[in-house]
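Visitor:
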Ligand code: FES
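Numbering (this note's numbering), first residue to last: 181 to 307.
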C-alpha cells in the first residue's frame, strides 16, 4: 500500500482544514520537510505505524495497543482497519480518525494526516 502522509503541525501552521479536499495538493506546493509531507510504503502484515518507523519517521505513539490514541491519524483517503478492542469512539471513527499502531491498510492507496493527537476531540483519549 502506498501512503501519502502529512504532519498535522503543517496543517495548523498553514491554517489548513482536515476536511479540505485540496489539503494534500496544498501540501505538495508548500515545500514542507520530507518528514512532514511525503510518501511511504506499507508492507503486508505491517501496521501503518510500523511502516512509518521502518521508513525512518518518528510518528507519535505510546501504548501500541489501541488504548491511548497518541498514534491517531486522520484518513483523508483510503481505508485503514480498526480492530475491535480500541479506544476510538464510533463518532470519531466515522469522521476518519484511526489508530496507526494497530491499523492495517485495506486499500492500495492511503492519504493520512499523522500527529492529530493534539486535536481537541482526541484530548480525552490521550493517556
Ligand atoms: Fe496507543 Fe496506538 S499507541 S493506541
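All C-beta atoms in this analysis are idealised placements derived from N, C-alpha and C, irrespective of residue type, glycine included.
Looking at the ligand FES, does it come within less than 7 Å of residue 245, judged from the CB to the closest heavy atom?
Guide: yes
Visitor: Does the Cβ of residue 227 have 16 or more other Cβ atoms within 10 Å, making it buried, or fewer, making it exposed?
Guide: It counts as buried.
Visitor: Relative to the ligand FES, is the shortest distance from any of its heavy atoms to the C-beta of residue 250 smaller than 7 Å?
Guide: yes
Visitor: Taking 7 Å as the cut-off, is the CB of residue 261 close to at least one heavy atom of the ligand FES?
Guide: no
Visitor: Going along the chain, which residues of its own chain have a beta-carbon closer than 8 Å to the beta-carbon of residue 285, five neighbours each way excluded?
Guide: For residue 285, the CB contacts under 8 Å within the same chain, skipping 5 residues up- and downstream, are 181, 183, 222, 228, 258, 259, 260 and 261 in chain order.
Visitor: For the stretch 188-202 against the stretch 293-307, do three or more pairs of beta-carbon atoms, one drawn from each stretch, fall closer than 8 Å, so that the two count as touching?
Guide: yes
Visitor: Residue 237: beta carbon under 7 Å from a heavy atom of the ligand FES?
Guide: no
Visitor: Are the beta-carbon atoms of residue 279 and residue 256 separated by less than 8 Å?
Guide: no
Visitor: Between which two residues does the alpha helix (DSSP H) holding residue 311 run?
Guide: Outside the shown range of the chain (181 to 307) lies residue 311, about which nothing can therefore be said.
Visitor: Could you check if residue 197 belongs to the surroundings of the ligand FES, using beta carbon to heavy atom distance under 7 Å?
Guide: no
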